[in-house]
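Participant: Pasting a structure below so you can have a look.
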Amino acid sequence: MDGTTGGPLIETARLAWRDGQPVSEQFGDVYFSRENGLEETRYVFLHHNHLPERFLQLSDKDTFVIAETGFGTGLNFLAAWQAFRQYAPASARLHFVSVERYPLGSADLERALALWPELAPLARELAHNYPQPVSGCHRLVIDQARVRLTLYFGDALEAFDSLEFSADAWFLDGFAPACNPGLWQDRLIRQVREHSHRGTTLATFTAVGRVRRALSDVGFRMERVAGFGPKRDMLRGVLEQGSHRSAEPTGQILVVGAGIAGAMVARNLAVRGYQVTVADQGESPGAGASGNPQGALYAKLGVQLNDQVRLALAALLHAQRFYPAETPEQWHPTGLLMMGYSEHERERQQKFLRANTYPRTVLYPVDDQKASDLTGIACPQGGLWFPRSGWLEPARVCQSLLEHPNIRTEFQFRATRLLPCNNRWCLSGEGRQDLVADTVILAAGHLTRQLMPVTGEFRIKAIRGQITGIPSDRLTAAPRAVVTGARYLNPPADGQLVTGATFDLRDNDPLVRTNSHQENLEGLDSMLPGLLAPRIKPTDDITGRVSFRCTTHDYQPIVGPLVNGEGNTLGGAWLFTGLGSKGLMWAPLMAEYLADLITGEPLALPHSLTRRVHPARCLAAARTSESPA
Ligand code: SAM
């Protein structure tokens, strides 16, 4: 049993409760000491990694990275977080990387952590953000972004092969080697070394000779010290080889584009304590493709659980945590129906359901009756129901993300070119003084291509999309949830319902057109017959908006370093575009990942997924332009 089912649902921990304490049935071992688990954690992991002293010594914007084998109940994490709050300066941040093959269900997690009343506020915040039982990597941003938790649901060995981070301290937990030989392999020990740097410390409750020798063989100076309570001894170690961890200098950061991508990454970096300037040609945020009055939050998940699906699912789940917490006023958690609107789509959904098990909190199938109950309108077909999805007001989301004291905006800045100058980047704009920065992020949708200082083919295209706004009284009923299918339809806002959008390849007409309205209305009518008032015409009091989505050849976003045709990165320049028609879904996780890359923190995505978004795949035969200043 590898802990996974068909699809992303992961097998959770089976617990027995003995004297009110959790015991793992899968491993036949206790999660923590029966006497005093919290004191043991403090002694074994915090004290022997010298964490209180090391937290005290952190300086401004430092990030301290702890890695752990076996998240279990999260007790170690909470204890470390509590100590960090107590000892670290306010501007320092904690990053905790952990893995768990059998995640506790939420109810079990809460029950286990209720044993520690002094941790109650932290336990509540963890429980509130705790991921759904989906295999793979989850990134939680908590304690007002002072603490990040990268939590990989799956096997530790697989996780440490695919995650990118360098730990300052290790908590080698994960049950005793005798109960869990699958974990304590030499391969794990090599991985611990690979994710460490000179000065990295480790602590473990086990004192088994084989483990001590293996750790010392890879370069840790190991010591056997007194164990906690009745336990005779335990191990601690420090790596005395290799290079020190170096922080990435970011200098001044400039983001080009104030749409959902630019606003999201600017906000993310600002919250991490960096000063960011955002330039955009529009007069206000979200002037381009992110300026529609409504946008649905959803992902189309393919039948085969491949990396593409894993990436979209990770982004969707992250977005469903992000918006309620960060932009609650623009977030409408109505639920979303992906309707089986055609024979083809119904078949696809059936195949999808046969091949995959998803947690019901992510999605579940509904018939036409249930779909009608949930959406409040007569649905001729059922489909897939996403209970935690909904819709957003994209332009206002962009606006609210940019409202942060560390963000300065430059609107009506029509960028014309970007060039390297004296190891920095210089952005010229029509009739404006140049903007100079050490780090530049191009997040200007399809306009990004014009600014990239490289030549050659770059595989993005602008796809025209027109939406149609229908006055509420022109519909026989209004949905109370988002419905997607041949078209999407959102619940009413400001007296109208938005539907769309057209998908017009090789069409650069910026004007609203009657035939596009016609197409949207027909699409809507075919999906939800009888909803539109009879004889509604595109010329009636119907409104529209045209924008251009930036789409890639493989429909995956572009997030990462700017590279030239030889595959060399152009230091300090980054791309964040290609979000297609799913910008609201992609942006929170991709911004998190990009900010990790820029600041040199543990990455929010495993290698298998970073490959999918790397800019190099779009820049097949390009060359650096000739004449940098
Ligand atoms: N640190 C935990 C806490 O604070 O509650 C206690 C950890 S408990 C002793 C060990 C955990 O390691 C269990 O939750 C178990 O499921 C997990 N584990 C064991 N083998 C694993 C493996 N190969 N990969 C990932 N997790 C594993």
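Per my numbering, residue 249 is the first one in the sequence shown, and the count goes up by one each step.
The beta-carbon is built from N, C-alpha and C at its ideal position, and this holds for glycine as well.
Using the Cβ count rule (16 or more neighbours within 10 Å means buried), how would you classify residue 313?
Facilitator: Counting from 1 along the sequence shown, the entry for residue 313 is found at position 65. Counting Cβ neighbours within 10 Å, residue 313 comes out buried, since at least 16 surround it.
Participant: Runs of 3 residues minimum, wholly inside the stretch 729-816: which ones carry the beta strand (DSSP E) assignment?
Facilitator: For the stretch 729-816, whole beta strand (DSSP E) runs of length 3 or above, ordered along the chain, are 730-732, 744-748, 791-800 and 806-811.
Participant: If we require 4 or more residues per run, which alpha helix (DSSP H) segments fall completely within the stretch 326-413?
Facilitator: Qualifying alpha helix (DSSP H) stretches, in chain order: 354-361, 368-377 and 404-410.
Participant: If distances are taken between C-alpha atoms only, which option among 735, 588, 545 and 343 comes closest to residue 391?
Facilitator: The residue you call residue 391 lines up with position 143 of the sequence shown. It is 343 whose Cα lies nearest to the Cα of residue 391.
Participant: When you measure from the CB of residue 368 to every non-hydrogen atom of the ligand GTP, does any distance come out below 7 Å?
Facilitator: Among the ligands modelled here, namely the ligand SAM, the ligand GTP does not occur.
Participant: Please list the segments of the beta strand (DSSP E) lying wholly inside the stretch 568-600, counting only runs of 3 or more residues, in order along the chain.
Facilitator: Within the stretch 568-600, the complete beta strand (DSSP E) runs of at least 3 residues are 584-587.
Participant: For the ligand SAM, is there a heavy atom less than 7 Å away from the beta-carbon of residue 279?
Facilitator: Here the question's residue 279 lines up with position 31 in the sequence shown. Checking every heavy atom of the ligand SAM against the Cβ of residue 279, one is found closer than 7 Å.
Participant: Just how far apart, CA to CA, sit residue 515 and residue 480?
Facilitator: As a position in the sequence shown, residue 515 is number 267, starting the count at 1. As a position in the sequence shown, residue 480 is number 232, starting the count at 1. Near 50 Å, if we compare the C-alpha coordinates of residue 480 and residue 515.
Participant: Shorter than 7 Å, the distance from the beta carbon of residue 321 to the closest heavy atom of the ligand SAM, or not?
Facilitator: In the sequence shown, the residue the question calls residue 321 occupies position 73. Yes, the beta carbon of residue 321 sits closer than 7 Å to at least one heavy atom of the ligand SAM.
Participant: Between which residues of its own chain and residue 580 is the CB-CB distance below 6 Å, once the five residues before and five after are set aside?
Facilitator: Residue numbering aside, residue 580 sits at position 332 when the sequence shown is read from its first letter. For residue 580, where only same-chain residues beyond five positions count, the Cβ hits under 6 Å are 638 and 639.
Participant: Which of the three DSSP states is assigned to residue 261 in this structure?
Facilitator: Residue mapping note: residue 261 aligns to position 13 of the sequence shown, counting from 1. Reduced to three states, the DSSP call for residue 261 is coil.
Participant: Taking the C-alpha atoms as reference points, what is the distance between residue 547 and residue 560?
Facilitator: Counting from one through the sequence shown, the residue named residue 547 turns up at place 299. Counting from one through the sequence shown, the residue named residue 560 turns up at place 312. In a straight line, the C-alpha of residue 547 is about 6 Å away from that of residue 560.
Participant: Taking C-beta to C-beta, are residue 533 and residue 650 nearer than 8 Å?
Facilitator: Position 285 of the sequence shown, counting from 1, holds the residue named residue 533. Position 402 of the sequence shown, counting from 1, holds the residue named residue 650. Their beta carbons are under 8 Å apart, which means residue 533 touches residue 650 by this criterion.
Participant: Would you kindly work out how many angstroms separate the C-alpha atoms of residue 289 and residue 323, rounded to a whole number?
Facilitator: Position 41 of the sequence shown, counted from the start, is the residue given in the question as residue 289. Position 75 of the sequence shown, counted from the start, is the residue given in the question as residue 323. Roughly 8 Å between the two C-alpha positions.
Participant: Please list, in chain order, all residues of the same chain as residue 578 whose beta carbon is under 7 Å from its beta carbon, the five residues on each side excluded.
Facilitator: Taking the first residue of the sequence shown as position 1, residue 578 is located at position 330. 640, 641, 644, 645 and 648.
Participant: In angstroms with no decimal places, state the Cα-to-Cα distance between residue 602 and residue 807.
Facilitator: To locate residue 602, count along the sequence shown from 1; it is residue 354. To locate residue 807, count along the sequence shown from 1; it is residue 559. Each residue's Cα considered, the two are about 33 Å apart.
Participant: Just to check my reading of the structure: residue 662 and residue 529 have Cβ atoms closer than 8 Å, yes? What is that Cβ distance to the nearest angstrom?
Facilitator: Reading the sequence shown from its first residue, position 414 is the one you call residue 662. Reading the sequence shown from its first residue, position 281 is the one you call residue 529. Rounded, the Cβ-Cβ distance is 4 Å, consistent with contact.
Participant: For residue 558 and residue 818, which I take to be in contact (beta-carbon distance under 8 Å), what is that distance rounded to the nearest angstrom?
Facilitator: Residue 558 sits at position 310 when you count from the first residue of the sequence shown. Residue 818 sits at position 570 when you count from the first residue of the sequence shown. With 8 Å as the limit, residue 558 and residue 818 do not qualify as a contact, their Cβ atoms being about 29 Å apart.
Participant: By the DSSP assignment, the beta strand (DSSP E) with residue 296 in it spans what residues?
Facilitator: Working through the sequence shown from its first residue, we reach residue 296 at position 48. No beta strand (DSSP E) contains residue 296, which DSSP labels as neither H nor E.
Participant: Just mark residue 727 as buried or exposed, buried being the case when its beta carbon has 16 or more other beta carbons within 10 Å.
Facilitator: Locating residue 727 in the sequence shown gives position 479, counting from the first residue. Buried, since its Cβ has 16 or more Cβ neighbours within 10 Å.
Participant: Express the C-alpha separation of residue 815 and residue 863 in angstroms, rounding to a whole number.
Facilitator: Walking along the sequence shown from the start, residue 863 turns up at place 615. Walking along the sequence shown from the start, residue 815 turns up at place 567. Using only the alpha carbons, I get a separation of about 10 Å.
Participant: Is DSSP giving residue 557 helix, strand or coil here?
Facilitator: The residue labelled residue 557 in the question sits at position 309 within the sequence shown. It is helical.
Participant: In the DSSP assignment, find the alpha helix (DSSP H) that holds residue 838 and state where it starts and stops.
Facilitator: Position 590 of the sequence shown holds residue 838. Note, residue 838: alpha helix (DSSP H), 831-847.
Participant: Nearest-angstrom Cα distance between residue 703 and residue 851?
Facilitator: As a working mapping, residue 703 is identified with position 455 in the sequence shown. As a working mapping, residue 851 is identified with position 603 in the sequence shown. Going from the Cα of residue 703 to the Cα of residue 851 covers about 29 Å.
Participant: Quick check on residue 338: buried or exposed, where buried means 16 or more other Cβ atoms within 10 Å of its Cβ?
Facilitator: Taking the first residue of the sequence shown as position 1, residue 338 is located at position 90. Under this definition residue 338 is an exposed residue.
Participant: What whole-angstrom Cβ distance do residue 217 and residue 450 have, given they're in contact under 8 Å?
Facilitator: Shown here, the chain extends from 249 to 877; a query on residue 217 therefore has no answer.
Participant: Could you tell me the boundaries of the alpha helix (DSSP H) in which residue 696 lies?
Facilitator: For the purposes of this step, residue 696 is taken as residue 448 along the sequence shown, with counting starting at 1. 696-699 is the span of the alpha helix (DSSP H), which, as asked, contains residue 696.
Participant: Look at the Cβ atom of residue 438, then the Cβ atom of residue 466, and state whether they are nearer than 8 Å.
Facilitator: For this step, residue 438 is matched to residue 190 along the sequence shown. For this step, residue 466 is matched to residue 218 along the sequence shown. In contact: residue 438 and residue 466 (Cβ atoms closer than 8 Å).
Participant: Is the Cβ-Cβ distance between residue 800 and residue 860 less than 8 Å?
Facilitator: Within the sequence shown, the letter at position 552 stands for residue 800. Within the sequence shown, the letter at position 612 stands for residue 860. No, the Cβ-Cβ distance between residue 800 and residue 860 is not below 8 Å.
Participant: Mind reading off the beta-carbon distance from residue 446 to residue 487? Whole number of angstroms is fine, and I expect it under 8 Å.
Facilitator: For the purposes of this step, residue 446 is identified with residue 198 of the sequence shown, where counting begins at 1. For the purposes of this step, residue 487 is identified with residue 239 of the sequence shown, where counting begins at 1. The Cβ separation is near 6 Å, so the contact holds.
Participant: Looking at C-alpha atoms only, which residue of 838, 685 and 335 is the closest neighbour of residue 565?
Facilitator: Counting from 1 along the sequence shown, the entry for residue 565 is found at position 317. That would be 838, whose Cα lies nearest to the Cα of residue 565.
Participant: Would you mind working out which of 572, 464 and 555 sits nearest residue 545, comparing C-alpha positions?
Facilitator: The count along the sequence shown starts at 1 and reaches residue 545 at position 297. The option with the nearest alpha carbon to residue 545 is 572.
Participant: Assuming residue 606 and residue 257 make a contact with CB atoms under 8 Å, what is their CB distance in whole Å?
Facilitator: Within the sequence shown, numbered from 1, the residue matching residue 606 stands at position 358. Within the sequence shown, numbered from 1, the residue matching residue 257 stands at position 9. Between residue 257 and residue 606 the Cβ distance is about 6 Å, and since that is below 8 Å, they are a contact.
Participant: How long is the line joining the alpha carbons of residue 591 and residue 563, rounded to whole angstroms?
Facilitator: Numbered from its first residue, the sequence shown carries residue 591 at position 343. Numbered from its first residue, the sequence shown carries residue 563 at position 315. For residue 591 and residue 563, the distance between alpha carbons rounds to 28 Å.
Participant: Can you tell me the Cα-Cα spacing of residue 318 and residue 406, whole angstroms?
Facilitator: Looking up residue 318 in the sequence shown gives position 70. Looking up residue 406 in the sequence shown gives position 158. Going by the C-alpha atoms only, they are around 13 Å apart.
Participant: Taking the beta carbon of residue 762 as the centre, do at least 16 other beta carbons fall within 10 Å, making it buried, or is it exposed?
Facilitator: Residue mapping note: residue 762 aligns to position 514 of the sequence shown, counting from 1. Counting Cβ neighbours within 10 Å, residue 762 comes out exposed, since fewer than 16 surround it.
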